[in-house]
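K.L.:
If you read the sequences in order, they're chains A and B. Quick note on this note's numbering: the first sequence kicks off at 139 and runs consecutively. Quick note on this note's numbering: the second sequence kicks off at 165 and runs consecutively. Structure in structure tokens, see below.
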Amino acid sequence: ETGVTQSPTHLIKTRGQQVTLRCSSQSGHNTVSWYQQALGQGPQFIFQYYREEENGRGNFPPRFSGLQFPNYSSELNVNALELDDSALYLCASSLTWLAGFQETQYFGPGTRLLVL
Amino acid sequence: KQEVTQIPAALSVPEGENLVLNCSFTDSAIYNLQWFRQDPGKGLTSLLLIQSSQREQTSGRLNASLDKSSGRSTLYIAASQPGDSATYLCAAGMDSNYQLIWGAGTKLIIKP
Numbered sequence: 139e140t141g142v143t144q145s146p147t148h149l150i151k152t153r154g155q156q157v158t159l160r161c162s163s164q165s166g167h168n169t170v171s172w173y174q175q176a177l178g179q180g181p182q183f184i185f186q187y188y189r190e191e192e193n194g195r196g197n198f199p200p201r202f203s204g205l206q207f208p209n210y211s212s213e214l215n216v217n218a219l220e221l222d223d224s225a226l227y228l229c230a231s232s233l234t235w236l237a238g239f240q241e242t243q244y245f246g247p248g249t250r251l252l253v254l
Numbered sequence: 165k166q167e168v169t170q171i172p173a174a175l176s177v178p179e180g181e182n183l184v185l186n187c188s189f190t191d192s193a194i195y196n197l198q199w200f201r202q203d204p205g206k207g208l209t210s211l212l213l214i215q216s217s218q219r220e221q222t223s224g225r226l227n228a229s230l231d232k233s234s235g236r237s238t239l240y241i242a243a244s245q246p247g248d249s250a251t252y253l254c255a256a257g258m259d260s261n262y263q264l265i266w267g268a269g270t271k272l273i274i275k276p
């Protein structure tokens, strides 16, 4: 059984640029959630995708957007990068949208983004 | 607004000790409380999930308790081992929007 994978592992961008991060969910999982984790902080929920539709969003501006594909893999896009966007971006997959409530989420290793 | 706090931020103890990690939350209207482990380069691993109607959960050497009325959860690790070294995070599942609110974590180092 393949776990959750994310690419790339590390990324350096400059302020104002755009970035796309990718996540492959665990086999059989139809829900992907994205989190931002700043250094020394806990993760913050960005949004969740369930069967290709956005199914909940945290307190993040519209320049954070996402997609989920028919194979349930997902992308996180961030436009007009700011210095404060530097963080570890985690994705997690689960069997249903009740991720973390009635079932376990499985996390990927994360993508570390540095904005200069 | 829910706030989750973990104290201490870091802890270093000799191998073999029993230890307790603390997690406090301000809003008792939680659906559940979860404990995770984070290892560098390996993401987060779910350790224990306590539903709001439960008082504790156990898995091997780990035991987590929940006291909603006082807004506290503790993670007890028995007979600590160097392999337990990691950052431990707690997260409160909110009843209102099914989102997780996370603490900043406790970085645990077990010395051989």
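Yeah, the Cβ is synthetic: ideal placement off N, Cα and C, and Gly gets one too. Remember, predicted model here, so these are calculated numbers, not experimental data.
(1) Per the DSSP calculation, Asp203 (chain B) is bridged to which residue(s)?
(2) Taking the C-alpha atoms as reference points, what is the distance between Ser212 (chain A) and Leu149 (chain A)?
(3) Anyone know if the C-beta pair for Ala228 (chain B) and Thr238 (chain B) falls short of 8 Å?
(4) When you compare each of B:Asp203, B:Gln166, B:Ala242 to Tyr195 (chain B) by their alpha carbons, which one comes out closest?
(5) Just grab the DSSP bridge partners of Thr251 (chain B) for me.
(6) Return yes when the Cβ of Val253 (chain A) is within less than 8 Å of the Cβ of Leu221 (chain A), no when it is not.
(7) I need the straight-line Cα distance from Ser165 (chain A) to Val168 (chain B), nearest angstrom please.
(8) Taking the CB atoms as reference points, tell me whether Gln198 (chain B) and Ser210 (chain B) lie closer together than 8 Å.
(9) Would you say Ala268 (chain B) faces chain A, with C-beta separation under 8 Å as the test?
(10) Mapping DSSP to helix, strand and coil, what is Asp191 (chain B)?
(11) So Ser162 (chain A) and Thr143 (chain A) are supposed to be a Cβ contact under 8 Å. How far apart are they, rounded?
(12) Can you tell me which of the three DSSP states Pro246 (chain B) falls into?
(13) Can you give, in chain order, each stretch of the beta strand (DSSP E) that sits fully within the segment 156–213 of chain A and has at least 3 residues?
(14) Return no unless some Cβ of chain B is closer than 8 Å to the Cβ of Leu159 (chain A).
(15) Buried or exposed, going by whether 16 or more other CB atoms sit within 10 Å of the CB of Ala225 (chain A)?
(16) Give a yes or no on whether 8 Å exceeds the smallest Cβ distance from Leu214 (chain A) to chain B.
(17) Using a C-beta to C-beta distance shorter than 9 Å, which residues of chain A count as neighbours of Ser210 (chain B)?
(18) Against Leu253 (chain B), what residues of chain A qualify as contacts under a CB-to-CB distance less than 9 Å, listed in chain order?
(19) Among the residues of its own chain, which have a CB less than 8 Å from the CB of Gln202 (chain B), if the five just before and after it don't count?
(20) Where does Asp259 (chain B) fall in DSSP's three states?
(21) Can you name the residues of chain B whose CB is closer than 8 Å to the CB of Gly154 (chain A)?
(22) Kindly list, in the order they appear in chain B, the residues whose Cβ is closer than 7 Å to that of Gly248 (chain A).
(23) So, are the CB atoms of Leu177 (chain A) and Thr249 (chain A) less than 8 Å apart?
P.N.:
From the atom records:
(1) According to the DSSP secondary-structure assignment, Asp203 (chain B) is paired through a beta bridge with no residue.
(2) If I take the Cα positions, the gap works out to 18 Å.
(3) In this structure, Thr238 (chain B) lies closer than 8 Å to Ala228 (chain B) by Cβ.
(4) For the residues B:Asp203, B:Gln166, B:Ala242, the minimum Cα distance to Tyr195 (chain B) belongs to B:Gln166.
(5) Partner(s): B:Gln202, B:Lys271.
(6) Contact flag set, yes.
(7) For the pair Ser165 (chain A) and Val168 (chain B), the Cα-to-Cα distance works out to about 32 Å.
(8) In this structure, Ser210 (chain B) lies closer than 8 Å to Gln198 (chain B) by Cβ.
(9) Any Cβ of chain A closer than 8 Å to the Cβ of Ala268 (chain B) would place that residue at the interface, and such an atom is present.
(10) In the three-state reduction of the DSSP assignment, Asp191 (chain B) falls in the coil class.
(11) Right, their Cβ atoms sit about 5 Å apart.
(12) Pro246 (chain B): helix per DSSP, three-state reduction.
(13) For the segment 156–213 of chain A, the full-length beta strand (DSSP E) segments reaching 3 residues or more read 157–162, 169–175, 182–188, 191–195, 202–206 along the chain.
(14) For Leu159 (chain A), the answer is no, since every Cβ of chain B falls outside 8 Å of its Cβ.
(15) Result: buried.
(16) So, not an interface residue.
(17) Within 9 Å Cβ-Cβ: Gly238, Thr242, Gln243, Tyr244, Phe245.
(18) Result: Gly180, Pro181.
(19) Same-chain partners within the cutoff: Leu208, Thr209, Ala250, Thr251, Tyr252, Leu253, Gly269.
(20) Residue state, collapsed to three classes: coil.
(21) Ordered by position in chain B, no residue passes the 8 Å Cβ test against Gly154 (chain A), which lies about 29 Å from the chain.
(22) In chain order: Gly207.
(23) Their beta carbons are not under 8 Å apart, which means Leu177 (chain A) does not touch Thr249 (chain A) by this criterion.
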